[in-house]
Structures are given as structure tokens and as C-alpha cells.
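Heads up: the sequence shown runs through residues -30 to -1, 1 to 294, numbered per mature numbering (1 follows the signal peptide of the UniProt record, and there is no 0). All residues carry an ideal CB built from backbone N, CA and C; glycine is no exception. Shown next, in C-alpha cells, is the structure this report addresses.
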Amino acid sequence: MRAGGQGLWAKARKGVVLVATSAALLSACATPPTLQGRATQPPPQRIAAPIISAVPSAQSTALRAYYADVQAQLLAQGLMRTDDGATDAPFSARQLANNFIRIAFFDEFDSSSGTLVARATEKRLRRWDKPLRVGLTFGSSIPKTKRATETARIRSFLNRLSKLTGHPIALATTNINFSLNILNTDEIQALGPTIRRTDPDIGAPELDAIVNMPQSTYCQVTTSINDDTNLIERAFAVIRAEHPDLLHLSCLHEEIAQGLGLPNDSPAARPSIFNDDQEFALLTPMDEMMLKMLYNPALTPGMTADQARPIIDQLATALVGGDS
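Okay, structure coming up:
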């Protein structure tokens, strides 16, 4: 650990560029390099969306059509499932424990050499200890009627997460430490000055990852961790407003859940949203169990995977009810 410093991970739901064929769409989550040495900042207040014309640009309009095609192709392939996977994806306590370790204790990339290398890197357990105060910001491109519906849906999901984890998680308008932003591409690209005013110490790579999201990045969450305590101190999530409803809801589920302290993906995790294959769109029973395990007081921030393994095995067995 680096005394007094902070680390940062960023998670993004990504997909390949659409092609005019029936080839299967694949997806991959990417974790940009950990950035270090930023001084601890007070919790951000609500980030006001940049004032942009409510009329979307040609780029935003094209992205809306593009993501509609993405969702249609994923659904046509039987992906983006909204069921719980119980009929065809049973899992054992051992599978749950192994997936939890892979997802909670590893990042996908290693940046220790100063460059980003695709190599699984083990980390210590990280989670929040302070109540999550989620500030919800809508861009001007979002109609007011849709904002009301969306706010109610997000409030309900946060309440679900709070019950699962036993940790306070709720919408707030002051002392925000988890900033959730639903913006179109025009508004995302204009976020730079606003973010810099809110967090003057943000690094250029962090800022660039937010304001220049490529088309292949559907949504992302950036999370700041105190290296002394391994506690998550704040998070900033961006969800594209151009998404059709299911892809949008999938992004909300994944980015908020990952922002709670599950930064990695596992190809063995099934049924789970923490898997690059996008088979499941929404939080599944396995995902719920992993969140329960993450916030179980038997596990403490800073534990290594080896230290936590016996406890994880016990928790998984208690949740699943045995092994197979």
C-alpha cells in the first residue's frame, strides 16, 4: 500500500462495433490503469449537467440508432436475458466462492509497469464503510416525464441493494459520494470543466476516460479507493442516454453493483452480469449472493484472497446450502 494515497479503478461495459453481418456480438469489460497519489477529497456535491441544447446532435442521434441495433442483435442471439437463470444455470457453493474471489479480489489489467497490460492483478478486498449517498443527474436531453420514472426505478434498485448488503444506500441531494449521471454524448463530452471544478485534482487520464468514451463503451464507473484503509470513498458513473430501455437498465445494474466493490469479471460466473458475454442483462441470484458476501462483517477491507478464502467458503455454503 502507498501511505496516504488513493487508487482508482474504472469499469466499463463495452461491446464490439456493429457489422453488417449476423456474426455474434461479443463484449468485454475493460479496467483502465490504477492511478495513484491523489489527496483525499471531500465528498462531491451534485454535479450539474452541462447546459447543452435539448436537441440532440447528429452524433447522438446516430448513437441512439446504433445502440438500438446492438440491443436487437443481442436479443436475437438469446442474450440480455432477464430471467434468473435457475432453469439452465445452477451453481454450487464452490462455484460461488471461486467467482467471488475472481470478481472481488482481482482487477483485469496491471499498470504497475506504467503501461496497461492485460493481466489479472490480485488486489485486497475493497468496499464502502460510509453510507452511499447517490446523486442522480440527468442531462437536458432527458424529458422530465422520463426523469420521474427513472428516478423511481433507480430509487427502488438502490433500496434493493441496501437490503441485500445491509449497507445504507439511497438517493441524496447533498454530501454525495456516488455520482450517477445519465447523459447523452454531447453532454458527456462537455463534462470536463464541471468535473474539474468538482474535483480539481482529477488526473488527465481519468478525465479523458469519462469525456471521451468510445462508441464501444456503453457505460462506466470510476471508483476512488483509500490505499491505507482499502475503503471506497467516492464513485462517478456515466450511463449513456442514447441506450434503449433494456441496455440502459443493464448498465445501471452493472455499474452501480460494480461501484460497490466488485470490479472484475469472470467467464465462469453464470448466471451473472459480472461476465463479458452479456448473457444476462440484470442482477441475478448469484450476483445478489456475491454482494451479500462482500458486505458480510466476517470479511474486512484489506483482506487478501488467501486470508478471506476460509470465510468465503463458509459464507458461500451458507447461501447456497451445500456443494456439488
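Close CB contacts of I281 within its chain, under the 7 Å cut and outside five residues either way in sequence, are with A268 and L269 (chain order). Per DSSP, reduced to three states, the secondary structure at V290 is helical. For the beta strand (DSSP E) assignment, the uninterrupted runs of no fewer than 3 residues enclosed by the stretch 177 to 206 are, from N- to C-terminal side, 187 to 196. Secondary structure at A238: coil, using DSSP grouped into helix, strand and coil. By alpha-carbon distance to D53, the top candidate from G291, V290, P271 and S242 is S242.
Under DSSP, I146 forms no beta bridge with any residue.
For the set L217, L33 and A278, the Cα lying nearest the Cα of N154 is the one of L33.
Relative to the Cα of P255, the nearest Cα in the group E120, G48, Q29 and R130 belongs to R130. With 16 or more other Cβ atoms inside 10 Å of its own Cβ, S111 counts as buried.
Put simply, the backbone Cα of E120 is about 17 Å away from that of L253. Distances from the CA of M260 to each of I165, T91 and A286 were compared; the closest alpha carbon is that of A286. Sixteen is the threshold: since fewer than 16 other Cβ atoms of the shown chains lie within 10 Å of the Cβ of G48, the residue is exposed. A140 is bridged by DSSP to R103. Here G229 is buried, its C-beta having at least 16 other C-beta atoms within 10 Å.
The beta-bridge partner set that DSSP reports for R51 consists of F250. Distance from the Cα of R279 is smallest, within the candidate group A56, S194, F75 and R51, for F75. I209 is bridged by DSSP to I152 and C189. R96 carries a coil assignment under DSSP once its states are collapsed to helix, strand and coil.
Here the alpha carbons of R103 and T144 stand approximately 8 Å from one another.
When secondary structure is reduced to three states using DSSP, F70 falls in the helix class.
Looking from the CA of E157, the closest CA among S27, P237 and D197 belongs to S27. Around the CB of D235, 16 or more other CB atoms lie within 10 Å, so the residue is classed as buried.
For T168 against I180, the beta-carbon gap comes to about 12 Å, at or over 8 Å, which does not count as contact. Its chain contains E249, F250 and A251 as the residues whose beta carbon lies nearer than 7 Å to that of R51, once the 5 sequence neighbours on both sides are disregarded; these appear in chain order. Secondary structure at D58: coil, using DSSP grouped into helix, strand and coil. Residue pairing by DSSP leaves T270 without any beta bridge partner. Apart from the 5 residues on each side of it in sequence, C221 sits with its Cβ closer than 8 Å to the Cβ of R(-18), Y188, C189, I209, R210 and H213 in its chain, given in chain order. Annotation for E258: L134 place their beta carbon closer than 8 Å to its own, counting only its chain and skipping 5 residues before and after. If you compare the alpha carbons of A207, S186, F206 and D198 with that of Y37, the shortest gap goes to S186. Between E225 and A207, the C-beta gap is smaller than 8 Å, which places the two residues in contact. By DSSP's assignment, D77 forms a beta bridge with T91. In this chain, the alpha helix (DSSP H) harbouring V40 covers A28 to A46. Of all alpha-carbon atoms in P184, F127 and K100, the one lying nearest the alpha-carbon of N196 is that of K100. Exclusion of the five residues before and after T274 leaves R94 as the residues of its chain whose Cβ lies within less than 7 Å of its Cβ.
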